[in-house]
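Going by the UniProt record's numbering, the final residue of the sequence shown carries number 300, and the count climbs one at a time with no gaps.
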Amino acid sequence: MNRFALAVDVGGTKMEAALVADDGTLVRGSRSRRATGRDATPASLDDAIATVIAHALSRLPDAAELVGAGIGSAGPIDRNVGQILPVNMPAARGYGLAGAVRATASGILGRGLPTVFGHDGGALALAESWLGATKDARSSLAIVVSTGVGGGFVVNGAYIPGASGNAGHLGQVRREGGLTLEEIASGPASAAWAQQQGWSGATGEDLARDSAAGDAIARAAIERSARAVGEALADAATLVDLDMVAIGGGFSQVSADYIDLVQQALTASAAHEYSRRTRVVRSGLGDEGPLIGAAAFVLR
């Protein structure tokens, strides 16, 4: 009998769910999404959960064994009590995400469904270590550069959640001028900085387009983001002794050389030979990585 997990990924702009088989493949037609956003509330999250989970479970193959639900969420989180405390959804602070997913899925199935909850950066790190770009790493970090910046650690194939589930939460480390990495390097922060320099665009997609067309300010915003990420990763590599870092998320696609720029900044900033050896690679799983990782909380 084939084993499957219900995977739920909650971020600052969207919530997604899908069914994932025990080989890490998504069940065709099971993936759907709903918008979240900065104004997300417990009520709107309840509605989104009901919609995406019902859609995913409707695609459960006949005679399949659904072993549990895995949830990855933007943080911070409190894994011990199943709550989220997200930077990018302030009205949802304290929302009981794990309980809501468990209750919704169990209600549809008519039986209790085991649920495992973690940080979305940790989910991505586990997915990359399992099937993606860091399969050969002994000590790895995977990060997302998107609406926010987050990450997670895997050591010798095991996810390292930390005391509350937030290990690897790189976005709130402090950088230049007391700003957090997320306030410098995320897509929205990079667009806002470019606007302050006189750029007329609005989004990360606009930055990508204008930089490719030769706009100097758009290019400077991209380089500023990559430099900040690389310098933060140099600190992480020095502290934790990483051999690989995988980077995913929409803003990491803003230029073809974004990963190269991050690598250059890490190598230039790292304090020791061992941390300068840390390799930066692009996520090997694309936009499926967070869902695969959420499922891996259950399947691995």
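Just so it is clear, CB atoms sit at the ideal spot from N, CA and C, and this is done for glycine as well. Computed from a predicted structure; not experimentally measured.
With 16 other Cβ atoms within 10 Å as the buried cut-off, status of residue i
i           : result
G150        : buried
H272        : exposed
G286        : exposed
G187        : buried
residue 341 : Since the first residue shown for the chain is 1 and the last is 300, residue 341 is missing from the structure and cannot be characterised.
T203        : exposed
G121        : buried
P90         : exposed
L239        : exposed
Q263        : buried
R31         : buried
R93         : exposed
G79         : Sequence inspection shows Arg at residue 79; the Gly mentioned does not correspond to that position. Buried is the call here.
P61         : exposed
A191        : buried
G75         : buried
Y274        : exposed
G37         : exposed
A189        : buried
A137        : buried
A98         : buried
Anticipated Cβ contact below 8 Å, residue i with residue j, distance rounded
i    : j    : result
I184 : W199 : Contact flag wrong, Cβ pair sits at about 16 Å.
L6   : L45  : Between L45 and L6 the Cβ distance is about 16 Å, and since that is not below 8 Å, they are no contact.
N156 : A64  : Between A64 and N156 the Cβ distance is about 31 Å, and since that is not below 8 Å, they are no contact.
Short CB-CB distance (under 8 Å) between residue i and chain E
i    : result
A142 : Protein chain content of the structure displayed is limited to a single chain, and chain E is not contained in it.
Extent of the continuous alpha helix (DSSP H) run through residue i
i    : result
W210 : Rather than Trp, the amino acid found at residue 210 in this sequence is Asp. 204 to 212 is the extent of the alpha helix (DSSP H) around D210.
G150 : Where G150 is concerned, there is no enclosing alpha helix (DSSP H), although the beta strand (DSSP E) it sits in stretches over 149 to 155.
H55  : 42 to 57
A158 : Where A158 is concerned, there is no enclosing alpha helix (DSSP H), although the beta strand (DSSP E) it sits in stretches over 158 to 160.
G293 : 289 to 299
R102 : 97 to 109
G145 : Note that residue 145 is Val in the sequence shown, not Gly. That residue, V145, is in no alpha helix (DSSP H); its beta strand (DSSP E) goes 139 to 145.
S269 : 258 to 269
R276 : 273 to 276
Between the CA atoms of residue j and residue i - distance to the nearest angstrom
i           : j    : result
residue 314 : A268 : There is no way to answer for residue 314, as the model of the chain reaches only from 1 to 300.
R111        : P161 : 28 Å
G107        : V101 : 10 Å
L126        : A35  : 25 Å
G165        : L124 : 13 Å
A228        : A265 : 8 Å
A270        : A226 : 15 Å
D215        : L233 : 27 Å
A50         : G289 : 22 Å
V10         : T25  : 19 Å
A105        : A194 : 43 Å
L242        : V145 : 19 Å
G29         : Q197 : 44 Å
G132        : M244 : 12 Å
R33         : V8   : 10 Å
A246        : L141 : 6 Å
P135        : M15  : With the sequence shown as reference, residue 135 is identified as Lys, and Pro is not the correct amino acid for it. Each residue's alpha carbon lies about 27 Å from the other.
G96         : H119 : 14 Å
L299        : A237 : 28 Å
W13         : V52  : Just to set this straight, residue 13 is Thr in the shown sequence, not Trp. Whole-angstrom Cα-Cα distance: 15 Å.
G152        : L181 : 15 Å
G230        : V116 : 31 Å
Boundaries of the beta strand (DSSP E) in which residue i is found, first to last residue
i    : result
D9   : 3 to 10
L66  : 65 to 73
E176 : Here E176 belongs to no beta strand (DSSP E), and DSSP marks it neither H nor E.
V240 : No beta strand (DSSP E) holds V240; the alpha helix (DSSP H) holding it covers 216 to 240.
A21  : 14 to 21
S32  : 32 to 35
A246 : 244 to 248
G118 : 115 to 119
The stretch 196 to 208 in contact with the stretch 247 to 259 per 3-pair CB rule at 8 Å: yes
Stretch-stretch touch, CB-based, cutoff 8 Å, three pairs: the stretch 67 to 82 with the stretch 289 to 297: yes
Cβ contact (3+ pairs, closer than 8 Å) linking the stretch 275 to 282 and the stretch 170 to 182: no
At least 3 beta-carbon pairs within less than 8 Å: the stretch 12 to 29 vs the stretch 78 to 85: no
Cβ pair count under 8 Å reaching 3, the stretch 252 to 266 against the stretch 219 to 239: yes
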